[in-house]
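Residue numbers (my numbering): 1 to 391.
All residues carry an ideal CB built from backbone N, CA and C; glycine is no exception.
Please read the structure below before turning to the comments.
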């Protein structure tokens, strides 16, 4: 089997998927030149790589260009894949997917809808994102999502046929870059609660801040560590009451520093008010740390309550604080749950397990593999803009 894997983002995820698939199939991995140089060293030598141009001056992503689309289409046609598997995350898919319709198409949705606070009705970026989601729901032959809750959204809210949507775990992709910098023997540095990743309103950081007085009342030495960037932090800084209880790293965290923060944490908290899934959970499991998550989206599907962490209601600072205090007060439970989370990561959420599920779906498309594959120029001409000029 020959598989073309296309991504404009989600580099770690797509590379690790391609590496595992290459154990069972011939794989072409197509990545943009925008920041991909940070990741190409992680690609297995068995994977064939094609880097397409997607940059303008100063490394900023450029608009849709005839030459870029032509390059992607030509590379895929030259490879003659049985399946084209793409990650849903970029407006460039809108003109590209119709050009690739001659092949069985498989999509992975990491998010079904824009997160609250990130979707502005008249904003061009939000409109393009919604158009991308619409096109990506309609055209693929099969769709992967990271949880039952996400599948239900597609089937019930968007009327995507249920047989078309398959569930796979989010996998180990987030933890792998951090693990390179793990230091053996490094233990939690005191009683630390880690909030890690992009900071946006749907992440519920407000509720962790509100929970802090309840936590430190029971565990005076506890510290809340906030690591990441996103929207302006001033609105959160104003709400922090006990400033001595907080450590704030408000910037994009390098992998080496991220590894230190996870190793020094006792508990990893995800107080989200909305979510699809989160790579923070498998990263915590990779460092053998228990998690406290809210019951939103598909987060509870990868947390075993009382075994790998705790699940609490969203927007409930008291419940959040209670679960965190319970773990901070029981170091043995933290270690036990951390070990059980690590076992879950290396079994249910491991790439060999995920790849078998993906390959089974590819095999369902085998009857469609005989569809005609026109030359690149012919396929592109069918859908290229009039005049064929770059913009």
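Please report the straight-line C-alpha distance between residue 277 and residue 256, rounded to a whole angstrom.
Locating residue 277 in the chain shown gives position 277, counting from the first residue. Locating residue 256 in the chain shown gives position 256, counting from the first residue. Cα-Cα distance, rounded: 24 angstroms.
DSSP beta-bridge partners of residue 153:
The residue you call residue 153 lines up with position 153 of the chain shown. Paired residue(s): none; residue 153 is not in a bridge.
For residue 340, the nearest candidate out of 282, 102, 204 (CA to CA)
The residue labelled residue 340 in the question sits at position 340 within the chain shown. The candidate whose alpha carbon is nearest that of residue 340 is 282.
Please list, in chain order, all residues of the same chain as residue 13 whose beta carbon is under 6 angstroms from its beta carbon, the five residues on each side excluded.
Position 13 of the chain shown, counting from 1, holds the residue named residue 13. Contacts found: 173.
By a C-beta neighbour count over all protein chains shown, 10 Å radius and 16 as the cutoff for buried, is residue 208 buried or exposed?
Counting from 1 along the chain shown, the entry for residue 208 is found at position 208. Its Cβ being crowded by 16 or more others within 10 Å, residue 208 is buried.
Classify residue 290: buried if its beta carbon has 16 or more other beta carbons within 10 angstroms, exposed otherwise.
Locating residue 290 in the chain shown gives position 290, where the first residue counts as 1. Around the beta carbon of residue 290, 16 or more other beta carbons sit within 10 angstroms, so the residue counts as buried.
Given residue 181, which residues of its chain have a CB within under 7 angstroms of its CB, disregarding the five upstream and five downstream residues?
Taking the chain shown and counting its residues from 1, one reaches residue 181 at position 181. Annotation for residue 181: 255, 256, 259 place their beta carbon closer than 7 angstroms to its own, counting only its chain and skipping 5 residues before and after.
Classify residue 252 as helix, strand or coil using the three-state DSSP reduction.
Along the chain shown, read from residue 1 onward, the residue named residue 252 stands at position 252. If DSSP states are grouped into helix, strand and coil, residue 252 belongs with coil.
C-alpha distance - residue 7 paired with residue 271, whole-angstrom precision
By one-based count along the chain shown, residue 7 stands at place 7. By one-based count along the chain shown, residue 271 stands at place 271. For the pair residue 7 and residue 271, the Cα-to-Cα distance works out to about 29 angstroms.
Looking only at C-alpha atoms, which of 326, 279, 330 sits nearest to residue 147?
For the purposes of this step, residue 147 is identified with residue 147 of the chain shown, where counting begins at 1. Cα-wise, what sits closest to residue 147 is 279.
For residue 151, which residues from the same chain have a beta carbon less than 7 angstroms from its beta carbon, with the 5 sequence-adjacent residues on both sides left out?
Within the chain shown, residue 151 is the residue found at index 151, counting from 1. Annotation for residue 151: 145, 165, 167 place their beta carbon closer than 7 angstroms to its own, counting only its chain and skipping 5 residues before and after.
Around the C-beta of residue 159, are 16 or more other C-beta atoms found within 10 angstroms, so that it is buried, or is it exposed?
In the chain shown, the residue the question calls residue 159 occupies position 159. Looking at its Cβ environment, which holds fewer than 16 other Cβ atoms inside 10 Å, residue 159 is exposed.
Could you tell me which whole beta strand (DSSP E) segments of length 3 or greater appear in the region 266-334?
Those beta strand (DSSP E) runs which fall completely within the region 266-334 and span 3+ residues are 267-270, 291-294, 309-312.
Selection from 189, 300, 228 that minimises the alpha carbon distance to residue 313
In the chain shown, the residue the question calls residue 313 occupies position 313. With distances taken between Cα atoms, residue 313 lies closest to 300.
Could you tell me the alpha carbon to alpha carbon distance between residue 325 and residue 215, rounded to whole angstroms?
On the chain shown, residue 325 is found 325 positions in, with the first residue counted as 1. On the chain shown, residue 215 is found 215 positions in, with the first residue counted as 1. Cα to Cα, residue 325 sits roughly 6 angstroms from residue 215.
Buried or exposed: which applies to residue 40, given that a residue is buried once 16 or more other Cβ atoms fall within 10 Å of its Cβ?
Position 40 of the chain shown, counted from the start, is the residue given in the question as residue 40. Exposed: under 16 other Cβ atoms inside 10 Å.
Are there three or more Cβ pairs, one per stretch, closer than 8 angstroms when the region 75-87 is compared with the region 103-112?
Verdict: yes, contact present.
Looking at residue 263 and residue 287, is the spacing between their C-beta atoms short of 7 angstroms?
Position 287 of the chain shown holds residue 287. Position 263 of the chain shown holds residue 263. With contacts defined by Cβ atoms closer than 7 angstroms, residue 287 and residue 263 form a contacting pair.
List the endpoints of the continuous beta strand (DSSP E) containing residue 227.
Residue 227 sits at position 227 when you count from the first residue of the chain shown. 223-227 is the extent of the beta strand (DSSP E) around residue 227.
Need the endpoints of the beta strand (DSSP E) that residue 87 sits in, please.
Counting from 1 along the chain shown, the entry for residue 87 is found at position 87. That run of the beta strand (DSSP E) goes 83-88.
Do residue 296 and residue 275 count as a contact pair if the criterion is CB distance below 7 angstroms?
Counted from its first residue, the chain shown places residue 275 at position 275. Counted from its first residue, the chain shown places residue 296 at position 296. Yes; because the gap between Cβ atoms is below 7 angstroms, this pair is in contact.
Spatial neighbours of residue 2 in its chain, beta-carbon cut-off 7 angstroms, leaving aside the 5 residues before and after:
Locating residue 2 in the chain shown gives position 2, counting from the first residue. The beta carbon of residue 2 sits closer than 7 angstroms to the beta carbons of 25, 26, 79, 80, 81, 82 from its chain, once the five residues preceding and following it are set aside; these are given in chain order.
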